[in-house]
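Under this note's numbering, think of the first position of the sequence shown as -12, with each following residue one higher.
Following: one structure in structure tokens, then a few remarks.
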Amino acid sequence: MAIFPNKRKKEADSKGPTLGDSFFESLFENSPEAIIICDREERIIRANRMFCQLFGYSKEEVMGRNGNEIVAPTPDLMKEAEAIDRMMWSSKEKISLETVRLRRDGKAIPVELLQIPFELEDGTVYDYTIYRDITERKNAEYAFRREKAFFEKLFEATPSGIMICDSKGKIVRTNPAFLQLFGYDKEEVTGKLSYNIVAQDARLMAEAREIDRRFWSGENIHMRVKRQRKDGKILHLELVQVPLILDQETMLCYVIYRDISDQVKAEEALKESEKRYQAVIQDQDEFIVRLNSQGVLTFVNDAYCRYKGIPKEELLGSTIFDCKDPKTAERLKKELLSFLSPKAPVKTTEIYNELPNGKKQFVQWRNRGIFDKNGNLVEIQSVGRDVTELKEAQEKLKRLNTVLKSVRDIHRLINTEKDPTRLIQSICVSLIVNHGYPNVWIAILEVKNYLATIYEAAMIDGDTPISERMSRKELNMSSRKVLESPDVIVEEEVIPCSYIPLLDEYPNKYSMSARLEYQGHVFGLITVALSREYNVTEEEKTIFKETAQDIAMALYNIKHECGGIQEQ
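This is the structure:
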């Protein structure tokens, strides 16, 4: 390689070859690879910056020294380095290989070595050697080999059956567990269509094909399936089917089969057992206790312990009268003995509890007495269940019936009363009496949404009527919001109009309002006060809105009949 110009031999021997061109000098010095130039005796006559940095020396420390002694100081490395030198000098060919060299601190560095002989025009021959640090590559290769070995071992040793298929459904590879599960040898399955291996029945084969179609459409599969062994035996399996991406163009299907036949048998046996004892289970809803004729608890289940908030050890041996005063306890004992009889061995009771969060809880108990041959009560078995939701549903139905009763009364008034003042006032009273609203207000509007009249009814004795406290006729924001909305408005404050009492005058209440509208005419609004514990249902809102529309219709009809109310 004749990249150096012709110089006097004496100058070359003393300083080594120099680069006549500053470009090549800069290229040598700033190369990212470690480079040294040695003479025929392997003495270093040039070393670039990367060589010194890689091996931990300064230029002054390496110049003139044997290059092999610098980077291969151990006997084994020196033997290898000298052999490489002899091969290069004898063949006059470049040598390229991967090996290990040592830093100054003794740390081994994997390198890619390129050793090139080159001759100047004056016949001087030099050894041009490049060292490339391949530590990161070696580490990556090692990590890859380790991961490959790990996954290879995992693939072979996993107890679940695994097969890998290509996009055409042909089996590329299987693990020993798969072969054992389906009863095949490796040669019998490799390259074969997976459907023909895991299913012989036409229905199962069609199912396998459909699952494969879903998988190649992008769906990850995790499900229970039935498949067949080579001998035709049906297997209950858990199937997992996920993509195995090798590169941008190659994707395989990675299939895992886990035998759950024993689990399925156990589940079927459990279901059969549950059917046999279903009648007993239905009779034992949630809380189960047994007590003797003295009220001493002899058995409690975990649900009852949680219900009482007391450990089982403390409950067993205690009596159901422990929290009662002596007189009450004695009375309850007498009632207990007469509570059940051989002729009426089963009775149902309900107990009301106040929970810490303020909610009500209803527990229904089914009590069964067990008697001896003489008819004496020996034991009571009680099964309790929470019927709070049922009670709430019954209460909800009761409330709706009350609302419907009030609606019927309002309809009667609408059909019989033609005087608008008496009609509106009677409706207010009806809502108080029949529905039980604490307060009712109906505001009738003049033109431009100014107030004309307020009608009201209240359960609070001595309260000053709103109409006597009116200071102005403008509507406040809350009222305007009701008039602008076609829906029922529920507010935290009882303030549909500016002169209606503030929340502090009606503690623990909120309001429900709707506008009185019919045929595009808005006649006013209706507001009722509600107690805080009263939860308005969607059904009640609907009925309330329909009632407001019926009132508006009545006002509309009266207006056109006798002009008693001015239209908005």
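Note that CB positions come from ideal geometry on N, CA and C, so glycine has one too.
Collapsed DSSP secondary structure at residue i in the structure displayed
{"i": "E17", "result": "Reading off the sequence shown, one finds Asn at residue 17, where the question assumed Glu. If DSSP states are grouped into helix, strand and coil, N17 belongs with coil."}
{"i": "I411", "result": "helix"}
{"i": "V350", "result": "strand"}
{"i": "F358", "result": "strand"}
{"i": "N162", "result": "coil"}
{"i": "M74", "result": "helix"}
{"i": "D373", "result": "strand"}
{"i": "C25", "result": "strand"}
{"i": "T177", "result": "coil"}
{"i": "K155", "result": "coil"}
{"i": "N279", "result": "strand"}
{"i": "T529", "result": "helix"}
{"i": "Y521", "result": "coil"}
{"i": "N363", "result": "coil"}
{"i": "I307", "result": "coil"}
{"i": "M457", "result": "In this prediction, M457 scores a pLDDT of 47, lower than 50, which makes its location untrustworthy; the coordinate-derived value is nonetheless stated afterwards. Three-state DSSP puts M457 in coil, outside helix and strand."}
{"i": "Q368", "result": "strand"}
{"i": "T336", "result": "strand"}
{"i": "Y171", "result": "coil"}
{"i": "T285", "result": "strand"}
{"i": "A186", "result": "coil"}
Whole-angstrom C-beta distance between residue j and residue i, which should lie under 8 Å
{"i": "K326", "j": "A316", "result": "A small correction: the amino acid at residue 326 is Phe; Lys does not occupy that position in the sequence shown. Between A316 and F326 the Cβ distance is about 15 Å, and since that is not below 8 Å, they are no contact."}
{"i": "V431", "j": "I414", "result": "Val is not the amino acid found at residue 431; the sequence shown has Ile there. Actually they are not in contact, since the Cβ atoms of I431 and I414 sit about 12 Å apart, beyond 8 Å."}
{"i": "F42", "j": "I57", "result": "7 Å"}
{"i": "K217", "j": "F169", "result": "6 Å"}
{"i": "I198", "j": "I208", "result": "6 Å"}
{"i": "R36", "j": "E67", "result": "So it is not a contact: roughly 26 Å between Cβ atoms."}
{"i": "I149", "j": "A127", "result": "Going by Cβ atoms, the distance from I149 to A127 rounds to 27 Å, so no, they are not a contact pair."}
{"i": "S147", "j": "I243", "result": "5 Å"}
{"i": "E194", "j": "V212", "result": "7 Å"}
Within 8 Å, strictly: CB atoms of residue i and residue j
{"i": "I411", "j": "I429", "result": "yes"}
{"i": "K383", "j": "T285", "result": "no"}
{"i": "D540", "j": "V515", "result": "Sequence check: residue 540 is Met here, not Asp. Taking 8 Å as the Cβ cut-off, M540 and V515 do not qualify as a contacting pair."}
{"i": "L100", "j": "T122", "result": "no"}
{"i": "L84", "j": "A59", "result": "no"}
{"i": "Y241", "j": "L231", "result": "yes"}
{"i": "F131", "j": "N162", "result": "no"}
{"i": "V427", "j": "E404", "result": "no"}
{"i": "S248", "j": "W203", "result": "no"}
{"i": "G282", "j": "K320", "result": "yes"}
{"i": "D246", "j": "L224", "result": "yes"}
{"i": "Q102", "j": "M75", "result": "yes"}
{"i": "S280", "j": "L418", "result": "no"}
{"i": "V98", "j": "D120", "result": "yes"}
{"i": "D188", "j": "Q215", "result": "yes"}
{"i": "V469", "j": "Y497", "result": "no"}
{"i": "T534", "j": "V394", "result": "yes"}
{"i": "Q337", "j": "Q348", "result": "Correcting the residue identity first, residue 337 is Glu in this sequence and not Gln. Cβ atoms of E337 and Q348: not closer than 8 Å."}
{"i": "N388", "j": "I367", "result": "no"}
{"i": "F11", "j": "I23", "result": "no"}
Boundaries (first-last residue) of the alpha helix (DSSP H) holding residue i
{"i": "S518", "result": "Element bounds for S518: not the alpha helix (DSSP H) but the beta strand (DSSP E), H508 to S518."}
{"i": "V49", "result": "K46 to V49"}
{"i": "R52", "result": "From DSSP, R52 is part of no alpha helix (DSSP H); its letter is neither H nor E."}
{"i": "E465", "result": "Checking the sequence shown, residue 465 turns out to be Ser, not Glu. Element bounds for S465: M464 to E471."}
{"i": "K330", "result": "Premise fails: K330 is in no alpha helix (DSSP H) and is neither H nor E."}
{"i": "L302", "result": "K299 to L302"}
Extent of the continuous beta strand (DSSP E) run through residue i
{"i": "N426", "result": "N426 to L432"}
{"i": "I419", "result": "Where I419 is concerned, there is no enclosing beta strand (DSSP E), given that its DSSP letter is neither H nor E."}
{"i": "E404", "result": "No beta strand (DSSP E) contains E404, which DSSP labels as neither H nor E."}
{"i": "A290", "result": "Note, A290: premise wrong, no beta strand (DSSP E); alpha helix (DSSP H) at D289 to K295."}
{"i": "V477", "result": "I476 to E478"}
{"i": "L438", "result": "L438 to A445"}
{"i": "R33", "result": "I31 to A34"}
Please go through the region 189 to 275 and give each complete beta strand (DSSP E) segment of 3 or more residues, from N-terminal end onward.
-> 208 to 215, 221 to 232 and 238 to 246
Contiguous beta strand (DSSP E) assignments of at least 3 residues, all confined to the region 69 to 153 = 82 to 89, 95 to 106, 112 to 120 and 148 to 152
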